[in-house]
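Enquirer:
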Amino acid sequence: DVKVTQSSRYLVKRTGEKVFLECVQDMDHENMFWYRQDPGLGLRLIYFSYDVKMKEKGDIPEGYSVSREKKERFSLILESASTNQTSMYLCASRGQGAGGELFFGEGSRLTVL
Amino acid sequence: ELKVEQNPLFLSMQEGKNYTIYCNYSTTSDRLYWYRQDPGKSLESLFVLLSNGAVKQEGRLMASLDTKARLSTLHITAAVHDLSATYFCAVGGIQGAQKLVFGQGTRLTINP
Chain A
1 DVKVTQSSRY LVKRTGEKVF LECVQDMDHE NMFWYRQDPG LGLRLIYFSY DVKMKEKGDI
61 PEGYSVSREK KERFSLILES ASTNQTSMYL CASRGQGAGG ELFFGEGSRL TVL
Chain B
1001 ELKVEQNPLF LSMQEGKNYT IYCNYSTTSD RLYWYRQDPG KSLESLFVLL SNGAVKQEGR
1061 LMASLDTKAR LSTLHITAAV HDLSATYFCA VGGIQGAQKL VFGQGTRLTI NP
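Read top to bottom, the protein sequences are chains A and B. If you're matching positions, the first sequence starts at 1 in my numbering and goes up one per residue. If you're matching positions, the second sequence starts at 1001 in my numbering and goes up one per residue.
(1) The beta strand (DSSP E) that contains Asn1018 (chain B), what's its start and end?
(2) In chain B, what lies closer than 9 angstroms to Glu106 (chain A) by C-beta?
(3) Select from the segment 32-50 of chain A all residues with a C-beta closer than 9 angstroms to any C-beta belonging to chain B, and list them in chain order.
(4) Please list the terminal residues of the continuous beta strand (DSSP E) segment that includes Asp1066 (chain B).
(5) In or out: Lys1041 (chain B) buried (at least 16 other Cβ within 10 Å) or exposed?
(6) Which value, in whole angstroms, describes the spacing of the CA atoms of Asp38 (chain A) and Leu76 (chain A)?
(7) Please list, in chain order, all residues of the same chain as Lys71 (chain A) whose beta carbon is under 6 angstroms from its beta carbon, the five residues on each side excluded.
(8) Going by Cα to Cα distance, which pick from B:Leu1061, B:Leu1050, B:Thr1067 is closest to Asn1084 (chain B)?
(9) Tell me whether Val1101 (chain B) is buried or exposed, calling it buried when 16 or more other Cβ atoms sit within 10 Å of its Cβ.
(10) Among residues of its own chain, excluding the 5 on either side of Met1013 (chain B), which ones have a beta-carbon nearer than 6 angstroms to its beta-carbon?
(11) Which residues does DSSP list as the beta-bridge partners of Gln85 (chain A)?
(12) Measuring straight from C-alpha to C-alpha, what distance separates Gly1016 (chain B) and Lys57 (chain A)?
(13) Where does His1081 (chain B) sit, in a helix, a strand or coil, going by DSSP?
(14) If you draw a straight line from the alpha carbon of Ser49 (chain A) to that of Phe103 (chain A), how long is it in whole angstroms?
(15) Just tell me which of A:Leu90, A:Ile46, A:Ser7 has its CA closest to the CA of Gly120 (chain A).
(16) Taking its Cβ as the centre, do 16 or more other Cβ atoms sit within 10 Å of Lys1099 (chain B), making it buried, or is it exposed?
(17) Looking only at its chain, what residues have a beta carbon closer than 6 angstroms to the beta carbon of Leu1065 (chain B), apart from the 5 residues adjacent to it on each side?
(18) Taking 9 angstroms as the CB-CB limit, is Glu102 (chain A) close to chain B?
(19) Alpha carbon to alpha carbon, how far is Tyr1025 (chain B) from Gln1095 (chain B)? Give it in angstroms, no decimals.
(20) Taking Cβ-Cβ distances shorter than 7 angstroms, what residues in chain A pair up with Gln1057 (chain B)?
(21) Measure the beta-carbon distance from Gly1092 (chain B) to Ser1029 (chain B) and round it to whole angstroms, keeping in mind my assumption that it falls under 8 angstroms.
(22) May I ask you to list the residues that DSSP assigns as paired with Ser1055 (chain B)?
Set out below in structure tokens:
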């Protein structure tokens, strides 16, 4: 089974702090994604990566950056957390090819005070 | 820009009844996915629909895809309480793009 592991299930940070959310997948997938999930808004794509050191902006990249130094690991960085970044963050991975579904991690619930 | 809309967003139903969740999308795509999310949990893949007319069934759930109408349906037959969850559809981008765009989700509650 594909396993996508997110490093922290729950985090509480203060405004202005730097936040790292890490995600590791064990299926050698080329593509990795960060989404945020908010009530009534569904899932919105922040960034994705289709290869090591490659990244693409999603629909809501402002206030976020990402890092993909190794194929299995994709990190989401909040340089200076703000209260409107309080959310559930979901990492996902997917292999190449048209048919593959996304495999999601358990999610990281971030609260920014 | 690809937009995906689900309806209804909230659905409360009795056990034993049938119902359908609809997923409409705005631009051409031949890939559609259905996911389930339980409260406090992540998303679990239910169905992958890759061609016009595709139909897939698992237990009491059946999903279909009409690419010409840009519509997918998730049909629930003889609902049971265990099917209570939020259901999302997601559409693959055109021209092989790897990202998926999700609908808002349908929160389904099945009452005994």
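All C-beta atoms, glycine included, are put in the ideal place defined by N, C-alpha and C. It should be emphasised that the depicted structure is a prediction, and the values quoted were computed from it without experimental measurement.
Expert: Let me spell this out:
(1) Under the DSSP assignment, Asn1018 (chain B) falls outside any beta strand (DSSP E); it carries neither an H nor an E label.
(2) By Cβ distance, chain B contributes Lys1041, Ser1042.
(3) Those residues of the segment 32-50 of chain A that come within reach of chain B (Cβ to Cβ, closer than 9 angstroms) are Phe33, Tyr35, Gln37, Gly40, Leu41, Gly42, Leu43, Arg44, Leu45, Phe48, Tyr50.
(4) Unbroken beta strand (DSSP E) run through Asp1066 (chain B): 1061-1066.
(5) Classification of Lys1041 (chain B): exposed, given that the 10 Å Cβ count is below 16.
(6) About 17 angstroms.
(7) Sequence-distant Cβ neighbours of Lys71 (chain A) in its own chain, meaning closer than 6 angstroms and more than five residues away, are Val52.
(8) According to the sequence displayed, residue 1084 (chain B) carries Ser and not Asn. When only C-alpha atoms are compared, the closest one is B:Leu1061.
(9) Buried: at least 16 other Cβ atoms inside 10 Å.
(10) Non-local beta-carbon contacts of Met1013 (chain B) in its own chain, meaning distances under 6 angstroms to residues more than five positions away in sequence, involve Tyr1019, Ala1079, Ile1110 in chain order.
(11) Answer is none; Gln85 (chain A) lacks a bridge partner.
(12) C-alpha separation (whole angstroms): 44 angstroms.
(13) Residue state, collapsed to three classes: helix.
(14) When the Cα atoms are used, Ser49 (chain A) and Phe103 (chain A) turn out to be separated by approximately 14 angstroms.
(15) Since the first and last residues shown for chain A are 1 and 113, residue 120 (chain A) lies out of range.
(16) Lys1099 (chain B) counts as buried, since at least 16 other C-beta atoms from the protein chains shown sit within 10 angstroms of its C-beta.
(17) So the qualifying residues of the chain are Leu1032, Leu1049, Ala1054, Ser1072.
(18) This sequence places Leu at residue 102 (chain A); Glu is not what is there. Using beta-carbon distances, Leu102 (chain A) counts as an interface residue toward chain B, with a partner under 9 angstroms.
(19) Any reading at Gln1095 (chain B) must be qualified, since the residue scores a pLDDT of 49, below 50, and its modelled position is unreliable; the value itself is stated next. Their backbone Cα atoms lie some 16 angstroms apart in a straight line.
(20) None at all; the shortest Cβ gap to chain A is about 17 angstroms.
(21) Between Ser1029 (chain B) and Gly1092 (chain B) the Cβ distance is about 5 angstroms, and since that is below 8 angstroms, they are a contact.
(22) According to the sequence shown, residue 1055 (chain B) is Val rather than Ser. In the DSSP output, where bridge partners are listed per residue, Val1055 (chain B) has B:Ser1064.
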